[in-house]
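What follows is a short report on a single structure.
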């Protein structure tokens, strides 16, 4: 499990997993497990990756991105709480963006199914607003220019600065760190919203119920 600004509900977690798995299997790997692509096939895969994710290419080779996604999927299945860096958030952002667009266009081949749920439309912007701490990793070189104009005033992570400068992630930038007990004690861990365990849920995020509806 990862540390989000607010507790993630099971529907979002299903979208999260499906997005990462779809990008990995359908767009980055494409071949069945155990198949060793030829040089020509690898070239085609790399070209496809560069076309689909030009924003990620300066930071990750296709092979490295696959490994990052594998680590995210593995950590996401664990009960412990982990903290991500801006490099991870950048990958997650692009995967969710792609998957949401394809899902809304009916192009994932699943007839609206996302894990155990059937979802009409995924509001990617609303997901970002709710589950991302910020999107400083999207600003690019303008972030460096802003710092020059107002030195020391911007509260930006080191990873966001490195991304703005076009630098590839170091081992530390790629580390998925476990939240320690002291940090856990300081966090306000609220339970996630109650949602159906499966089935049709309409558009996501779900519409918040009005107090008058709950009283009925």
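Residue numbers (the numbering used here): -17 to 198.
By construction, the Cβ of each residue, glycine as well, lies at the ideal position given by its N, Cα and C atoms.
No experiment lies behind these values; they were computed from the predicted model shown.
Three-way DSSP call (helix, strand, coil) for residue i in this model
| i | result |
| --- | --- |
| residue 186 | strand |
| residue 37 | coil |
| residue 50 | helix |
| residue 196 | Legend: pLDDT at residue 196 = 46, less than 50; position of this residue unreliable, no value from coordinates given. |
| residue 7 | helix |
| residue 25 | helix |
| residue 18 | coil |
Residue range of the alpha helix (DSSP H) that includes residue i
| i | result |
| --- | --- |
| residue 4 | -8 to 4 |
| residue 76 | 68 to 86 |
| residue 141 | 140 to 146 |
| residue 109 | 106 to 113 |
| residue 149 | From DSSP, residue 149 is part of no alpha helix (DSSP H); its letter is neither H nor E. |
| residue 165 | 163 to 168 |
Same chain, Cβ closer than 6 angstroms to residue i, five either side skipped, listed in chain order
| i | result |
| --- | --- |
| residue 151 | 69 |
| residue 57 | 64, 158 |
| residue 163 | none |
Own chain partners of residue i with C-beta closer than 7 angstroms, once the 5 adjacent residues on each side are dropped
| i | result |
| --- | --- |
| residue -11 | 172, 173, 174 |
| residue 6 | 48, 51 |
| residue 82 | 104, 106 |
Residue i and residue j closer than 7 angstroms at C-beta
| i | j | result |
| --- | --- | --- |
| residue -15 | residue 110 | no |
| residue 177 | residue 61 | no |
| residue 1 | residue 97 | no |
| residue 8 | residue 99 | no |
| residue 72 | residue 119 | yes |
| residue 185 | residue 76 | no |
| residue 31 | residue 46 | no |
| residue 122 | residue 147 | no |
| residue 108 | residue -13 | no |
Backbone CA spacing between residue i and residue j [nearest angstrom]
| i | j | result |
| --- | --- | --- |
| residue 167 | residue 33 | 44 angstroms |
| residue 93 | residue 40 | 34 angstroms |
| residue 106 | residue 87 | 13 angstroms |
| residue 12 | residue 165 | 40 angstroms |
| residue 125 | residue 16 | 43 angstroms |
| residue 29 | residue 19 | 14 angstroms |
| residue 153 | residue 137 | 23 angstroms |
| residue 143 | residue 181 | 42 angstroms |
| residue 139 | residue 21 | 39 angstroms |
| residue 74 | residue 116 | 13 angstroms |
| residue 26 | residue 36 | 15 angstroms |
| residue 114 | residue 10 | 24 angstroms |
| residue 155 | residue 170 | 26 angstroms |
Residues near residue i by beta carbon distance below 8 angstroms, same chain, minus five either side
| i | result |
| --- | --- |
| residue 84 | 4, 90 |
| residue 179 | -8, 98 |
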